[in-house]
Amino acid sequence: PIQQVVGAVAQYQTGAAALARIEEARRLPAEPASAPAPLPLPGAEPAAIAFENVRFRYADDLPYIHHGVTFTVPPRGMTAFVGPSGAGKTTVFSLIERFYDPGEGRITLDGQDLADWDVSGLRSAIGYVEQDAPVLSGSLRDNLVLGNPDADEADLLRALKTTRLDGLVDRLPNGMDTLVGHRGTKLSGGERQRVAIARALLRRPRLLLLDEATSQLDAVNEAALRDTVADVARTTTVLVVAHRLSTVTMADRIVVMDAGEVRAVGTHRELVTADPLYAELAATQFLASTG
Ligand code: ADP
Ligand code: MG
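Here's what the structure looks like:
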């Protein structure tokens, strides 16, 4: 990681871009092994993802976190992951990004083992919005172009529109060039997460991974987030670790996880009657305690 950081500082012109690379390097434990002849990940079509009996632990001397996780996500649409804190939801995303590789079982993208794809190609096809996605000081524009330095004005406006931030930009004194404060403190939590989504969308991801913020959102931000996810899911495969009933109820499928296992998969209507844990989570509106 140190070498990546030094390299990044030399490579990038702006401090903000270097910070983003540092952020990326920080969360990469190690470069995963590539296949002898990695396949370039082509295309722009929404991706299909499948876990096949995945067993995983973070280290050999640590207990297993996933005990045979299996689910299938077809291209397009929204899949919500719900379950108590520690169930292994965020770990699903770390494995898809190949921050780690499963000990046993298989994860496939478009039917091909993740390890067969070129790692940088894989990562550039994925938009990953972490639970506390970083918004940096600088302008809103600076924060957006981190996602894709080649994005033009029309791309930026489109991403802002999709994330329902266009109204905010109209109200800001200097529009997109308004400074957002240290770590984005001039934005609300809901706006910061949507800025992070807009940044991810500028890469035209084939797969969007969204780890929803656990903090409470006001009604306006909650509606904006829900509409954003619904929009993106029309053209991209969207996986959401969800903490809000408003997100979950519109999912095409919900994967209920508990203690490293998939308990049930279904729609909200199906699961409310079929799965007591889901019914309980839904009754408490998945309040922030679900982690
Ligand atoms: P969830 O998102 O459902 O709350 P996580 O996937 O974050 O659950 O975590 C599942 C389990 O894995 C937890 O017990 C957590 O402490 C453990 N864990 C998460 N990240 C790491 C890590 N980097 N190293 C070791 N253990 C971890
Ligand atoms: Mg989590």
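Read in this note's numbering, the sequence shown has 263 at position 263, and its numbers run on one by one without any break. The beta carbon of each residue, even a glycine, is placed where N, CA and C say it ideally should be.
Secondary structure note for I96: its alpha helix (DSSP H) is the uninterrupted segment K89 to I96. Taking the Cα positions, R164 is about 29 Å away from G266. Counting only runs of at least 3 residues, the segment 42–94 fully encloses the following beta strand (DSSP E) elements, listed from N- to C-terminal order: 49–56, 66–73 and 77–82.
If you ignore the 5 residues before and after L277, its C-beta comes within less than 7 Å of the C-beta of V256, D258 and R263, all in its own chain and listed in chain order.
Relative to ligand 2, even the nearest heavy atom lies 6 Å or more away from the CB of K186. In the three-state scheme derived from DSSP, where H, G and I count as helix and E and B as strand, A279 is classed as helix.
Of the other Cβ atoms in all chains shown, fewer than 16 fall within 10 Å of the Cβ of Y58; this residue is therefore exposed.
Rounded to the nearest whole angstrom, the C-alpha separation of H182 and A224 is 24 Å. Selection V73, L245 and A198 evaluated against L157 yields A198 as nearest (Cα-Cα).
Taking S246 as reference, the option from T235, G105, E52 and E222 with the minimal CA-CA separation is E222. Fewer than three pairs of CB atoms, one per stretch, sit closer than 8 Å, so the segment 89–109 makes no contact with the segment 269–276. When the beta-carbon positions are compared, H66 and V82 stay at least 7 Å from each other.
The C-beta distance from V129 to L209 rounds to 7 Å, short enough to meet the 8 Å contact threshold. For the set T214, E45, L281 and A230, the Cα lying nearest the Cα of G190 is the one of T214.
Per DSSP, A259 is not a residue of any alpha helix (DSSP H), being assigned neither H nor E. Looking only at A233, D152, V69 and V195, the smallest Cα-Cα distance to G103 is reached by V69.
Sequence-distant partners of Q193 (beyond 5 residues in either direction) whose C-beta falls short of 8 Å from its own C-beta, in its chain, are V129, A133, E212, A213 and L225. Residue state for A264 is assigned as strand, using DSSP reduced to three classes. Counting every other CB atom within 10 Å of its CB across the protein chains shown gives A37 a total below 16, marking it as exposed. Using a C-beta cut-off of 8 Å, the segment 70–77 makes contact with the segment 230–237, since at least three inter-stretch Cβ pairs fall below that distance. In this structure, V220 sits away from A80, with a CB-CB distance that is not shorter than 7 Å. Counting only runs of at least 3 residues, the segment 203–247 fully encloses the following beta strand (DSSP E) elements, listed from N- to C-terminal order: 207–211 and 237–241.
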